[in-house]
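*Asks:* To start, I am sharing the structure in question, which I have written as structure tokens.
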Amino acid sequence: MELVCPAGNLPALKAAVDNGANAVYIGFRDDTNARHFAGLNFAPNKMVEGIRYARGKGVRVFIALNTYPRPDGFGRFEQAVDKAAELGVDALIAADIGVLDYASRTHPTLNLHLSVQGSATNYEALRFYHEQFGIRRAVLPRVLSISQVKHVIEQSPVDIEVFAFGSLCVMVEGRCILSSYATGRSPNTYGACSPASHVEWIETDSGLDTRLGGVLIQRHPKGENVGYPTLCKGTFNTDGLTYHAIEDPVSLNAMELLPEMQAAGVKAIKIEGRQRSPVYVAQVTKIWREALDSFERSPSSFTPKPEWTAALGKVSEGAQTTLGPYHRPWQ
Amino acid sequence: MSCPLGTQKQVTMNNPQPPTASAQSGHRPRLSLGPITYYWPKEQVDAFYAMVAEAPVDIVYLGETICSKRNQVRHEDWLAIAERLAEHGKEVVLSTLTLLEAESELKRLRAICGQDQFMVEANDMGAVRLLAGRPFAIGPSVNCYNDRTLSVLAKQGLKRWALPVELTRETLEQMQRAKPAGVETEVMAYGRLPLAYSARCFTARHKHLPKDDCRDVCMDYPDGLVVNTQDDQQFLVLNGIQTQSAHTVNLLAELPAMRELGVDILRISPQSQRMDQVIALFHRALSDALEPAEASAQLNALMPVGPCDGYWHGEAGMAATAA
Chain A
1 MELVCPAGNL
11 PALKAAVDNG
21 ANAVYIGFRD
31 DTNARHFAGL
41 NFAPNKMVEG
51 IRYARGKGVR
61 VFIALNTYPR
71 PDGFGRFEQA
81 VDKAAELGVD
91 ALIAADIGVL
101 DYASRTHPTL
111 NLHLSVQGSA
121 TNYEALRFYH
131 EQFGIRRAVL
141 PRVLSISQVK
151 HVIEQSPVDI
161 EVFAFGSLCV
171 MVEGRCILSS
181 YATGRSPNTY
191 GACSPASHVE
201 WIETDSGLDT
211 RLGGVLIQRH
221 PKGENVGYPT
231 LCKGTFNTDG
241 LTYHAIEDPV
251 SLNAMELLPE
261 MQAAGVKAIK
271 IEGRQRSPVY
281 VAQVTKIWRE
291 ALDSFERSPS
301 SFTPKPEWTA
311 ALGKVSEGAQ
321 TTLGPYHRPW
331 Q
Chain B
332 MSCPLGTQKQ
342 VTMNNPQPPT
352 ASAQSGHRPR
362 LSLGPITYYW
372 PKEQVDAFYA
382 MVAEAPVDIV
392 YLGETICSKR
402 NQVRHEDWLA
412 IAERLAEHGK
422 EVVLSTLTLL
432 EAESELKRLR
442 AICGQDQFMV
452 EANDMGAVRL
462 LAGRPFAIGP
472 SVNCYNDRTL
482 SVLAKQGLKR
492 WALPVELTRE
502 TLEQMQRAKP
512 AGVETEVMAY
522 GRLPLAYSAR
532 CFTARHKHLP
542 KDDCRDVCMD
552 YPDGLVVNTQ
562 DDQQFLVLNG
572 IQTQSAHTVN
582 LLAELPAMRE
592 LGVDILRISP
602 QSQRMDQVIA
612 LFHRALSDAL
622 EPAEASAQLN
632 ALMPVGPCDG
642 YWHGEAGMAA
652 TAA
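Quick note, the sequences are listed as chains A and B, same order. Here the first sequence stands for residues 1 to 331, where the numbers follow the working numbering. Here the second sequence stands for residues 332 to 654, where the numbers follow the working numbering.
Here you go:
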């Protein structure tokens, strides 16, 4: 299985390449990708440098162009597709039907992957994107159990990549607008969820409140660790109960499922986190490389080493990990 | 032909289409009733559509779009309801499940897409594939954010699209200028907004029940389960695997703008109470019997929580600018 790692800038790309990624995915420095954060992503000259560095070490480079342009922004997406083709990237990861159509007609040899933001959760949807645009790979949304992943792969016309580690979207990617409901900005339209521009940290007599678009997401007593106010990980009051009504602040870690993923026919596993630091990318890539190598050496006796799990737990949101939807009880 | 969009901001398009005849001012959009998004007992569903049969709605979307475990009304029952509504002069459209995961769900999808008595509203690209070559509609959860996407889908047989609910009036205007000929535009004008879908059932989780043994817990919440912030703002609604807004979108006051933009259909989304009054207010506004602003103000009193309209105005969806 191919290890696909995130890179939000050139140092992170080098960290991923140097620590054993088979492919890295990057984005342009604007709202054409789903990690549109201040100071993040690649100017074209840095992209050239990054691609040269990765290629020199036999690592593939994918460009994510996976938000949804409105009519007045479509021209910028066309230019971004053209730029990606000119750079000779190994794949363009896109979600929007109009963008995929433009890319497939204008650059027929450009390798297209369907982004997780394309929300394809079943093989009939995958067949649509394959037949219409010739996609060769799709990233599955984080909604299927591992047995459902296997079933999709059995019927899929394209290779399948799945998320294995990192922040956990609880909702079907591409179909969640919670963020814009509170802030006006969503992953689909703006390339960011729960954007920092709309976060407020307010000290109160009892501790610290975090608000997103003015909505109270978390209320921390004094001394408690304060997490980022991602909307779906907030604490709310429902029917008299105060709890994480949607999801706890946890991250995905599916390492123990590597044997099942291999058996299911998964072609690539994806690490989330283009917004994370080069140090994080280095550490996580190194551990996953070791795990994959260990698994490939002796598939039947593979179990995650406790030190890997501990190290990954430490860098995870909320310092907790879950198997997420791959494991039916989570659902 | 007059061009009601002519005074608006110019937008660069590759294949601009002239505004259709329906964009003339004075044009009257039709009224549609979206699918029931909640889990109601069959008797309640039957009573609801008995009311709808006599009510002034033009188009009715039918079917389970949220959760395949909701089996009070089965495929044959939906078809029977559809036939009764058609006998009452309604245009009936069958809506498909939004999140398709299991093979059993695809089997049901094929049954819906395989019949040719009623048009189908695809709520997932898997459904679009099965419907290609025949006339079909897409619901607001199919991501159609630009006219290029509309053009691709029009080649497959798309006859009607629904504006994704997070898009603005300005984007709609751009879409209307550039959309392919023969494709109708529908806008969700009333109802709790569909905000997200998940593998997880939040209602079952709230009751500490596993999703696979949920005991039909959604039936306890005929308008979903309200999520409040810790400072007591009603914020979201849990509806099984779906998350909705607690506030109800209300765009009836925007009817003059929608007429100007040539919107073909206004969609209203069912709630468990007072839906006959909601339909009546829309009908009166659409037939010029009541000022849209006045009808809109009266609607606000019929909502479970209160109104919002921010997305239309390019703000946070929860914002209430007209209220």
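Note that the Cβ used here is the ideal one computed from N, Cα and C, for glycine as well.
Does B/D544 have its Cβ less than 7 Å from a Cβ in chain A?
*Replies:* By this cut-off, B/D544 is not an interface position.
*Asks:* Determine, for B/Y476, whether the minimum Cβ-Cβ distance to residues of chain A falls below 7 Å.
*Replies:* It does; some Cβ of chain A falls within 7 Å.
*Asks:* Buried or exposed: where does B/K542 fall if 16 or more other Cβ atoms within 10 Å of its Cβ makes it buried?
*Replies:* Flag for B/K542 reads buried.
*Asks:* Using a Cβ-Cβ cutoff of 9 Å, what residues of the region 175 to 209 of chain A are near chain B? List them in chain order.
*Replies:* Those residues of the region 175 to 209 of chain A that come within reach of chain B (Cβ to Cβ, closer than 9 Å) are R175, C176, I177, L178, S180, Y181, A182, T183, G184, R185, S186, N188, T189, H198 and D209.
*Asks:* Buried or exposed: where does A/R211 fall if 16 or more other Cβ atoms within 10 Å of its Cβ makes it buried?
*Replies:* Buried is the call here.
*Asks:* What are the complete alpha helix (DSSP H) segments, minimum 4 residues, inside the region 537 to 604 of chain B?
*Replies:* Correct list: 586 to 592.
*Asks:* Show which residues of chain B have a CB atom less than 7 Å away from the CB atom of A/R219.
*Replies:* The answer, in chain order, is Q561.
*Asks:* Below 7 Å between beta carbons: does that hold for A/V116 and A/V139?
*Replies:* Contact: yes.
*Asks:* Can you give me the start and stop residues for the beta strand (DSSP E) that A/C5 sits inside?
*Replies:* From DSSP, the beta strand (DSSP E) with A/C5 extends over E2 to P6.
*Asks:* Using DSSP bridges, identify the partner residues of B/E517.
*Replies:* Note: B/E517 sits in a beta bridge opposite B/A493 and B/I596.
*Asks:* What's the gap between the Cα of B/L630 and the Cα of B/L524?
*Replies:* One C-alpha to the other measures close to 16 Å.
*Asks:* Where does A/L323 sit, in a helix, a strand or coil, going by DSSP?
*Replies:* Coil.
*Asks:* Count the other CB atoms within 10 Å of the CB of B/D595; is the residue buried (16 or more) or exposed (fewer)?
*Replies:* It counts as buried.
*Asks:* What in chain A is Cβ-close to B/C532, meaning under 8 Å?
*Replies:* Those are Q331, listed as they occur along chain A.
*Asks:* Under a three-way DSSP split, which group does A/L100 fall into?
*Replies:* Reduced to three states, the DSSP call for A/L100 is helix.
*Asks:* Determine the direct distance from the alpha carbon of A/E260 to that of A/D239, and round the result to whole angstroms.
*Replies:* Each residue's alpha carbon lies about 39 Å from the other.
*Asks:* Please tell me whether B/V514 has its Cβ less than 7 Å away from any Cβ of chain A.
*Replies:* Cβ-Cβ to chain A under 7 Å: no for B/V514.
*Asks:* Would A/H198 and A/V158 qualify as a contact pair, given that the criterion is a beta-carbon distance under 7 Å?
*Replies:* No, the pair does not count as a contact, with Cβ atoms beyond the cut-off.
*Asks:* What residues of chain B sit near A/M171, judged by a beta carbon separation below 8 Å?
*Replies:* The answer, in chain order, is A527, Y528, S529 and T574.
*Asks:* List the residues of chain B that A/E332 touches, going by C-beta distances under 7 Å, in chain order.
*Replies:* With chain A covering 1 to 331 only, the question about residue 332 of chain A has no answer from this structure.
*Asks:* Taking only runs of the alpha helix (DSSP H) that begin and end inside the region 64 to 152 of chain A, which ones reach a length of at least 4 residues, in chain order?
*Replies:* Complete alpha helix (DSSP H) runs here, min 4: 74 to 87, 97 to 106 and 123 to 133.
*Asks:* Using a Cβ-Cβ cut-off of 7 Å, state whether B/V558 counts as contacting chain A.
*Replies:* Chain A contact via Cβ: present.
*Asks:* Tell me the rounded alpha-carbon separation between B/P601 and A/P278.
*Replies:* Rounded to whole angstroms, B/P601 to A/P278 spans 49 Å at the Cα level.
*Asks:* State buried or exposed for A/E296, treating a residue as buried only when at least 16 other CB atoms are found within 10 Å of its CB.
*Replies:* Label assigned to A/E296: exposed.
*Asks:* Taking a Cβ distance cut-off of 7 Å, strictly less, list which residues of the region 226 to 259 of chain A are near chain B, in chain order.
*Replies:* From the region 226 to 259 of chain A, only T235, F236, N237, T238, D239, T242, A245 and I246 have a Cβ closer than 7 Å to chain B.
*Asks:* Roughly how many angstroms lie between the CA atoms of A/I135 and B/P635, to the nearest whole one?
*Replies:* Between A/I135 and B/P635, the C-alpha separation is close to 44 Å.
*Asks:* Of all the beta strand (DSSP E) runs that stay within the bounds of the region 236 to 312 of chain A, which reach a length of 3 or more residues?
*Replies:* Those beta strand (DSSP E) runs which fall completely within the region 236 to 312 of chain A and span 3+ residues are 236 to 238, 241 to 243, 251 to 253 and 268 to 271.
*Asks:* Going by DSSP in three states, B/L410 sits in which element: helix, strand or coil?
*Replies:* In the structure shown, B/L410 sits in a helix (DSSP, three-state: H, G or I).
*Asks:* What is the DSSP secondary structure of A/Q331, reduced to helix, strand or coil?
*Replies:* Coil.
*Asks:* Give the residues of chain A in contact with B/L582, contact being defined as C-beta atoms less than 8 Å apart.
*Replies:* Residues of chain A passing the Cβ test: none, with the nearest at roughly 15 Å.
*Asks:* Taking 7 Å as the CB-CB limit, is B/M649 close to chain A?
*Replies:* So, interface residue.
*Asks:* Give the secondary structure of A/D191 by DSSP, where H, G and I count as helix, E and B as strand, and everything else as coil.
*Replies:* The sequence given here has Gly at residue 191 of chain A, not Asp. Three-state DSSP puts A/G191 in coil, outside helix and strand.
*Asks:* How would you call B/D544, buried or exposed, if buried means at least 16 neighbouring beta carbons within 10 angstroms?
*Replies:* Flag for B/D544 reads exposed.
*Asks:* Determine the DSSP secondary structure at A/S179, reduced to helix, strand or coil.
*Replies:* Residue state, collapsed to three classes: helix.
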